[in-house]
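Notes follow the structure.
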Amino acid sequence: MHPYEVYAIRYAHHERRASQNFLGGDADDGPMPMDYFLWAIKGPDIVYIVDTGFDQAMAKKRGREFLLAPESALQTLGISHEKVRDVIVTHLHHDHAGNHHLFPNATFHLQDREMAYATGRAMCHCCMRLPYEEGDVVQMVRRVFAGRVRFHDGAREIAPGISVHHMGGHTDGIQCVRVYTRRGYMVLASDVAHYYANMEQGRPFPFLTNVPDSLEAYARLRELASAENLIIPGHDPLVLRRFPLAVPGVDGIVRLDAEPLHSA
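Using UniProt numbering, you'd call the opening residue of the sequence shown number 1 and step up by one each time.
Now the structure itself:
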């Protein structure tokens, strides 16, 4: 089994405070910004994209700072978005499931439970549907009818050395991605853990469907990864400080399978 290269691409940013990032707030409230990522997994003859981000129009609607068009970042890595054959969607929140034009020829990998949740009775409640965008969910339904969605129920290997694992907690159907790299098995946690601190301190991000599931998921991330510094959170700006630039002089794209610059 050949180890994969793994890249994190920051495409947007949001200034916020620590009290917004922990269930129950934060006694030592201070600046704790959020970065928005998607990820690329490259093998000798295969590419998997993890999540699709949002575009500039959605950034304006949601009050986020748009930094980098994902298609431009992928081109920098030698990836043609139109040729990508497989996209893993960790969950259907707006910041993970937009940019519908990017991957016209891809099959999308999604948990059964996420689709059921995003189209079910939970969406009758404004507070639960707030992170979702109707257009993103409808587009995924259209892909189902076009034969372009592959559903998974729990854990499933989707290529040698790449597997998805249902986690729950943040959304009912959120999944993480386990990848074999030269440093061992890495886990792209996505929003199973927004920040390193959520997992390290056992304090979840405040948007949840199930608090115990979210807490239990941290232990499962550790079981799946070969080492704790191989768990990559979904929104932490520290990711860009802990890993080297993928392309010298190009900010916002780091190589995760390289040796960390700082201890995690």
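Positions of the beta carbon are idealized from the N, C-alpha and C atoms, including for glycine.
- Task: Could you give the DSSP three-state label for residue 184: helix, strand or coil?
- Result: In this structure, residue 184 counts as strand in the three-state DSSP scheme.
- Enumerated in chain order, which unbroken segments of the alpha helix (DSSP H) with a length of 4 residues or greater are wholly contained in the region 113 to 166? Those alpha helix (DSSP H) runs which fall completely within the region 113 to 166 and span 4+ residues are 126 to 129, 134 to 145.
- Message: Among the candidates 149, 57, 6, whose CA atom is the shortest distance from the CA of residue 47?
- Response: It is 6 whose Cα lies nearest to the Cα of residue 47.
- Item | Given residue 10 as reference, the closest of 74, 185, 159 once Cα atoms are compared | Residue 74 is the option with its Cα nearest to residue 10.
- Item | Inter-residue Cα distance where the pair is residue 176 and residue 222 | Taking the Cα positions, residue 176 is about 12 Å away from residue 222.
- Given a threshold of 16 other Cβ atoms within 10 Å of its Cβ, counted over all protein chains shown, does residue 194 qualify as buried or as exposed? Note on residue 194: 16 or more other CB atoms within 10 angstroms of its CB, so buried under the neighbour-count rule.
- Output the distance between the C-alpha atoms of residue 264 and residue 139, rounded to the nearest integer angstrom. Per-residue confidence for residue 264 stands at a pLDDT of 46, beneath the threshold of 50, marking its modelled position as unreliable; no derived number is given.
- Message: For the alpha helix (DSSP H) containing residue 74, name the first residue and the last one.
- Response: Taken as a continuous stretch (DSSP letters only), the alpha helix (DSSP H) holding residue 74 covers 70 to 76.
- Tell whether a beta-carbon distance below 8 Å holds between residue 252 and residue 68. The answer is yes: Cβ separation under 8 Å.
- Query: In chain order, what residues of the same chain have a beta carbon less than 7 Å from the beta carbon of residue 256, not counting five sequence neighbours either side?
  - Reply: Excluding residues within five positions, the ones whose Cβ falls inside 7 Å are 6, 7, 8, 186, 232, 243.
- Task: Taking only the alpha-carbon atoms, compute the straight-line gap between residue 168 and residue 217 and give it to the nearest angstrom.
- Result: The alpha-carbon atoms of residue 168 and residue 217 are separated by roughly 7 Å.
- Would you tell me roughly how many angstroms separate the C-alpha atoms of residue 64 and residue 14, rounded to the nearest one? For the pair residue 64 and residue 14, the Cα-to-Cα distance works out to about 5 Å.
- Message: Within the continuous beta strand (DSSP E) that includes residue 83, where are the two ends?
- Response: Residue 83 -> no beta strand (DSSP E), and no H or E assigned at all.
- For residue 1, does the count of other Cβ atoms within 10 angstroms reach 16, so buried, or fall short, so exposed? Residue 1 comes out exposed.
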